[in-house]
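All residue numbers for the sequence shown refer to this note's numbering, where the first residue is 557 and numbers rise by one.
Virtual Cβ for every residue (Gly too), placed ideally from N, Cα, C.
From a predicted model like this one, the values you see are computed outputs, not experimental measurements.
Since the structure comes first, as structure tokens, the remarks are kept for the end.
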Amino acid sequence: MSVIDVRSHGATGDGKTDDHAAILRAIQAADDAGGGTVFFPAGDYALSDSIGNGAHGFSQVWLLGDGERAARLRVKAKVAPISGRWTECRIENLKIDADTQGSPGLDVDLDKSYVRHCWIVGWTDYGMRLNARAEGLLNWIDDNFIEQSTGYGIHTTYRFYDSWIVNNNIGSTGPNLSIEAGPVRVLANHLNGAPQHNIELRGNKQLTIIGNICEGARREAIIFTMPPWLEADDEQVAIVGNNITNGGKGAPDEYPAIGIYSVDSGHRTRGFNITGNFIANTDEGAGWSYAVDARYVDDIAISGNQWDNNGYRVAPVRAEGLNVGIAGNTSGNLTAAPRRVVDTLSSSGATLGNSPGVEYVYLLASGVSSVTLPTAAHNTCRYTVKNVSGSDATLNAISGQVIDGECDFTLTCGVAVDVVSDGKNWWTV
């Protein structure tokens, strides 16, 4: 591929001359040649209009800035500095300046393209608005700095899918990331500033949110809202290994750190995994009600999270759903209801069962004169034995163990007894 210097088409980079037409000529030349690199030497490129080609777009073009983001594209009108359709393209190492004119930083429809290592400043409403008009997949939004401004940091629609949003640093007042549809990988971003949410999910499929730093949210750090027009929803969303801190600042202790909301009890979402996250508050004025609040959400696993450094005020978890697993967290885990086994013994000499954590209920039928307890060592079972045999029966301990200090216990006909282990011997209760 050829390398085309924008200066060869008349761009000056002096910050005063309108370089818009010259830059478009350079990009069009690369596009017409079947692809090429459009190089921006260090400078300040003033633009009277947006760099783009509308719905027709450009293909196989690489916009590359000099130095370390030493080339600045600055608009002088209320337009996004870069817009339109970009297919198999790269936009890399540029400072993109909307100059507080009231427009997004980028308003682009990407397909198999990269936006990488750019610094976006002076934007309004959207730092990046992605695929608002046309579908595209296999896109990388990587290692960009979206400087704090007013609106959404990055906003995608359902037309942006099977793509990556990774390694970005984003400040905003609206959500740092607002994502619709999927699959999308959201990895290792630093999301901060003064956002309403760090990550807003507006109905998604096959989404992985891994290893992000989420700071300073005014409400929920991560929020999923089921689209109201759906009868049911199956999401497959993984929220794993994120550091979620110092949020809820807009109304301390009123919102959860992670909120997942179905429409209502009759219109439910399902399929979430919330694992290995660190949820904490150390700033004055920060606080969440719950670490995780899942309203009418089915098939959700919440495990291995650490939230006991002021990560919640009311409780670690509120989960109103079916098939909810909560285990291995620093607090708030579900205790599984013990399994109960009821059995009638019809012959003497039987040894009672010993499956961990089971509640056994035994009825001694006619003719049964004795039964034996299993080992008390490491035994977590509870035994209820009722004698309906018609005569007294004996409850025996194994050799070397005792029941209330004796080797056996006489169970009068018609009487029931509960027996538990202290790890070494048996006791009636």
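Helix, strand or coil at residue i according to DSSP, with G and I counted as helix
i, result
"residue 758", "coil"
"residue 977", "strand"
"residue 616", "coil"
"residue 711", "strand"
"residue 743", "strand"
"residue 665", "strand"
"residue 586", "helix"
"residue 696", "strand"
"residue 908", "coil"
"residue 872", "strand"
"residue 972", "strand"
"residue 622", "coil"
"residue 954", "coil"
"residue 659", "coil"
"residue 928", "strand"
"residue 823", "strand"
"residue 650", "coil"
"residue 725", "strand"
"residue 944", "coil"
"residue 900", "strand"
"residue 635", "coil"
"residue 640", "strand"
"residue 561", "strand"
"residue 811", "coil"
"residue 964", "strand"
"residue 718", "coil"
"residue 689", "coil"
"residue 917", "strand"
"residue 734", "strand"
"residue 677", "strand"
"residue 683", "strand"
"residue 611", "coil"
"residue 933", "coil"
Straight-line Cα distance separating residue j from residue i
i, j, result
"residue 881", "residue 832", "14 Å"
"residue 857", "residue 798", "16 Å"
"residue 914", "residue 922", "25 Å"
"residue 591", "residue 642", "12 Å"
"residue 593", "residue 560", "6 Å"
"residue 801", "residue 764", "19 Å"
"residue 986", "residue 739", "In this structure the chain extends from 557 to 985, so residue 986 is not present and cannot be described."
"residue 598", "residue 795", "40 Å"
"residue 939", "residue 888", "28 Å"
"residue 626", "residue 660", "21 Å"
"residue 649", "residue 767", "24 Å"
"residue 703", "residue 709", "9 Å"
"residue 735", "residue 780", "10 Å"
"residue 723", "residue 753", "18 Å"
"residue 844", "residue 891", "24 Å"
"residue 613", "residue 707", "26 Å"
"residue 632", "residue 639", "15 Å"
"residue 975", "residue 917", "11 Å"
"residue 884", "residue 861", "7 Å"
"residue 924", "residue 954", "18 Å"
"residue 902", "residue 973", "18 Å"
"residue 935", "residue 979", "6 Å"
"residue 670", "residue 700", "11 Å"
"residue 726", "residue 579", "28 Å"
"residue 741", "residue 876", "27 Å"
"residue 895", "residue 878", "19 Å"
"residue 600", "residue 841", "41 Å"
Nearest-angstrom Cβ-Cβ length linking residue i and residue j, presumed shorter than 8 Å
i, j, result
"residue 604", "residue 565", "Contact flag wrong, Cβ pair sits at about 16 Å."
"residue 759", "residue 731", "Rounded, the Cβ-Cβ distance is 14 Å, inconsistent with contact."
"residue 969", "residue 943", "5 Å"
"residue 581", "residue 602", "With a Cβ gap of about 16 Å, residue 581 and residue 602 do not count as contacting."
"residue 984", "residue 959", "7 Å"
"residue 853", "residue 830", "Not a contact, Cβ separation roughly 10 Å."
"residue 688", "residue 662", "Not quite, the Cβ-Cβ distance comes to about 11 Å (not below 8 Å), so this is no contact."
"residue 787", "residue 826", "That belief does not hold up - the Cβ atoms of residue 787 and residue 826 are roughly 12 Å apart, past 8 Å."
Is it true that the segment 793 to 809 meets the segment 766 to 773, where meeting means three or more beta-carbon pairs spaced less than 8 Å apart? yes
Cβ contact check for the segment 735 to 752 and the segment 816 to 832: 3 or more pairs under 8 Å: no
Any 3 or more C-beta pairs closer than 8 Å across the segment 710 to 725 and the segment 680 to 698: yes
Any beta strand (DSSP E) of 3 or more consecutive residues that is wholly inside the segment 750 to 800: 755 to 757, 763 to 766, 769 to 771, 778 to 781 and 788 to 796
Determine contact between the segment 841 to 855 and the segment 809 to 818, defined as no fewer than three beta-carbon pairs at a distance below 8 Å. yes
What are the start and end residues of each continuous alpha helix (DSSP H) run of 4 or more residues lying completely inside the segment 563 to 608, in chain order? 576 to 588
The segment 568 to 586 in contact with the segment 614 to 626 per 3-pair CB rule at 8 Å: yes
Can you check the segment 836 to 896 for any alpha helix (DSSP H) of at least 4 residues that lies completely inside it and give the ranges in chain order? none
Just checking, does the segment 676 to 695 make contact with the segment 650 to 657 on the three C-beta pairs under 8 Å criterion? yes
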